[in-house]
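Peer 1: Have a look at the structure that comes next, please.
Residue numbers (the working numbering): 877 to 1035.
Encoded structure:
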């Protein structure tokens, strides 16, 4: 797995999720497996096989999170200036056609959630924004047709 760049917030979130899976979710599933296995005949025990399936899914999820955490590098942006759009900054942009204003926090694809304003630096818009300065215009061509934005403000996250 290649190196994963995360914000401090994203790293902490992954650690909390891993802790929750290990300490709460997996033990509950193991209890379900043991209860279902206590019935004896396993080959026709739907409860047992459903619990085992959940156990396998959670174990995979735990392993995946462990790999991400092991390969992660946490970047803290507080010592960087906000002269250009870069990883871990908040950028305010304006659609030059509709005048709609959006604010995004640029993060890794693992942390991305556009509904919460977390935009992946690997997304088409994220790629178009990287390196831009206040006042610059960017254009990109998503599936819905070309879009044009102007960078209004840049802040380093956590500042």
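Even glycine gets a Cβ: it sits at the ideal position worked out from N, Cα and C.
Please identify the residue among 1000, 969, 990 and 996 whose C-alpha is closest to the C-alpha of residue 1009.
Peer 2: 969
Peer 1: Closest to residue 976 by C-alpha separation, out of 934, 882, 1024 and 996, would be which residue?
Peer 2: 1024
Peer 1: Per DSSP, what are the beta-bridge partners of residue 882 in this structure?
Peer 2: Per the DSSP secondary-structure output, residue 882 pairs in a beta bridge with 950.
Peer 1: Quick check on DSSP: helix, strand or coil for residue 1035?
Peer 2: Unreliable positioning characterises residue 1035 in this predicted model, as indicated by a pLDDT of 43, which lies under 50. A coordinate reading is not provided.
Peer 1: Which partner residues of residue 978 appear in the DSSP bridge assignment?
Peer 2: 969
Peer 1: May I have the straight-line CA-CA distance separating residue 934 from residue 901, to the nearest angstrom?
Peer 2: If I take the Cα positions, the gap works out to 8 Å.
Peer 1: Just checking my contact of residue 938 with residue 897 at CB under 8 Å: how many whole Å lie between their CB atoms?
Peer 2: With a beta-carbon spacing of about 5 Å, residue 938 and residue 897 fall inside the 8 Å limit used to define contacts.
Peer 1: Considering residue 900, what are the terminal residues of the beta strand (DSSP E) in which it resides?
Peer 2: Counting along the chain, residue 900 falls outside any beta strand (DSSP E), and DSSP gives it neither H nor E.
Peer 1: Please indicate yes or no: does the CB of residue 1011 lie closer than 6 Å to some heavy atom of the ligand ZN?
Peer 2: Only the bare structure without any ligand can be found here, which leaves the ligand ZN out of the picture.
Peer 1: Please identify the residue among 1007, 1018 and 1011 whose C-alpha is closest to the C-alpha of residue 964.
Peer 2: 1007
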